[in-house]
Amino acid sequence: MPILNRAAEMQDEVAGWRQHLHQTPELNFDVFKTAAFVTEKLKAFGCDDVVTGLGKTGVVGIIRGRQGEGPTIGLRADMDALPLNEISGKPYASTIPGKMHACGHDGHTAMLLGAAKYLAETRNFTGSVALIFQPAEEGGGGGNEMVKDGMMDRFDISKVFGMHNMPGLPVGQFAIRPGPIMAATAEFTITVRGKGGHAAMPHGTIDPIVITSQLVGALQTIASRSTDPVEAVVVSVTKFHAGDAYNIIPETAEIAGTVRTLRKEIAKKSEERIRTICAGLATAFGARIEVDYQANYPVTFNHAEETIFASDVAIGVAGDAYVHRGIQPVMGGEDFSYMLEARPGAFIFIGNGDTAGLHNPAYDFNDEAIPHGMSYWVKLAETALAA
Ligand SMILES: [Zn+2]
Ligand SMILES: [Zn+2]
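When we follow the numbering used here, the leftmost residue of the sequence shown carries the number 1, and every step to the right adds one.
Structural data, given as structure tokens:
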């Protein structure tokens, strides 16, 4: 079964919405115009319920099937753009300097709206579909805010599914894997406070540069000595600042960096190891070491059963040869991870073709992907909620 005829017919209409959204990108939680556009469309389609202001500016539309009682499944799109100056040269390029849809969230929103229109017209399913439009995927954790706002319980959502475009993957193809599909990210800043003094009288000081140098080396052992070699973990020190003069041992030194992991246990252990190493070095050298550790998005973890289900739906749309079911995880972060922590589900990539990469100023969502993405959403809902 290929893409739906109706989805192909709707491509121009949905591309029109997409290009409209592309012209007026908004950042983080400030997606007021985008959320208003989504809300207006959902109401016009005849959704049974449209709730705004979830997770600050998120929107949820509910469509009830006409085949009786059943569970509710959540389909999620993101609405926010990035702080970039667009250089795509497209006629519908961003009209707002310093803001652009460089991650294709305009396309994600438009495709889910297209699916909503179709599902509201046909309603060939039991139970309900919750159409989730979230703000602030690019760093603000809008998905987490919607979950914390009680979205899952309020709409009794039993499973959630997400989709992101992938440049380099041909249009009409899908890619997925069970288990971790995107990385957990964390950032740390470590301040080593010693005792400054004359460079020629080091015995009267506690030299933070020597201690911090040892610390940089010790942090490498998290990946090389403390973690199973087949596990993925990156601990990178990306900043090292200390001192201003040739003849002064400074009071403090500061390093900062990032941690990337694919499993919650490894993320937790990496933080613990950083703190333990710092505490041990502080004791050993008589310094004070402060660790500021910010865990960001958790691992995006695809649940086994729902991944098989999503893969089968994608195969129904694209054909077996065009669904890659065991791709390598992507080490970027994704806040759909919070929804997958709250409910079982799966996150899938859809081909964006040979375009500029995500977060590149020349990037543009590929409107040719619209009927494929729409068909995936519709088939997923109709199959999950079959009578
Ligand atoms: Zn992005
Ligand atoms: Zn994105």
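Here a beta-carbon is modelled for each residue, glycine too, at the ideal position from N, C-alpha and C.
- Where GLN294 is concerned, the enclosing beta strand (DSSP E) starts and stops at 288-295.
- Distances taken from the Cβ of ASP354 to the heavy atoms of ligand 2 include none shorter than 7 angstroms.
- Not one heavy atom of ligand 2 lies closer than 7 angstroms to the C-beta of GLU26.
- Contact annotation: THR258 and ALA186 have beta-carbon atoms nearer than 8 angstroms.
- For ARG193, the pairing in a beta bridge is given by DSSP as THR252 and ARG288.
- Under the DSSP assignment, THR52 falls in the beta strand (DSSP E) whose first and last residues are 49-54.
- DSSP places LEU4 outside both helix and strand once states are collapsed to three, so it counts as coil.
- When DSSP states are grouped into helix, strand and coil, ARG260 belongs to the strand group.
- Residue list for ligand 1: CYS103, GLU138, LEU358 and HIS359 (CB closer than 6 angstroms to any heavy atom, chain order).
- Relative to ligand 2, ASP335 has its C-beta separated by 7 angstroms or more from all heavy atoms.
- Shown here, ASN144 sits in a helix according to DSSP, grouped into three states.
- The beta-bridge partner set that DSSP reports for HIS198 consists of ILE248.
- Using a C-beta cut-off of 8 angstroms, the segment 305-324 makes contact with the segment 171-186, since at least three inter-stretch Cβ pairs fall below that distance.
- Look at ASP106: its beta carbon is at least 7 angstroms from all of the heavy atoms in ligand 2.
- In the three-state DSSP reduction, ILE96 falls in the coil class, being neither helix nor strand.
- Per DSSP, reduced to three states, the secondary structure at LEU169 is coil, with no helix or strand assignment.
- In this chain, SER213 is not harboured by any beta strand (DSSP E); it is covered by the alpha helix (DSSP H) spanning 208-224.
- Rounded to the nearest whole angstrom, the C-alpha separation of PHE188 and LYS239 is 10 angstroms.
- By the neighbour-count criterion, in which a residue is buried when 16 or more other Cβ atoms sit within 10 angstroms of its Cβ, MET201 is exposed.
- A Cβ-Cβ separation of about 17 angstroms leaves MET163 out of contact with VAL60 under the 8 angstroms criterion.
- Between HIS22 and ASP149 a beta carbon distance of about 28 angstroms is seen, past the 8 angstroms cut, so the two are scored as non-contacting.
- For PHE336, the CB contacts under 7 angstroms within the same chain, skipping 5 residues up- and downstream, are ARG76, GLY143, GLY162, THR300 and PHE347 in chain order.
- Note: PRO371 is not bridge-paired with any residue in the DSSP secondary-structure output.
- Judged by beta-carbon spacing, VAL234 lies within the 8 angstroms limit of ALA223, meaning their Cβ atoms are closer than that value.
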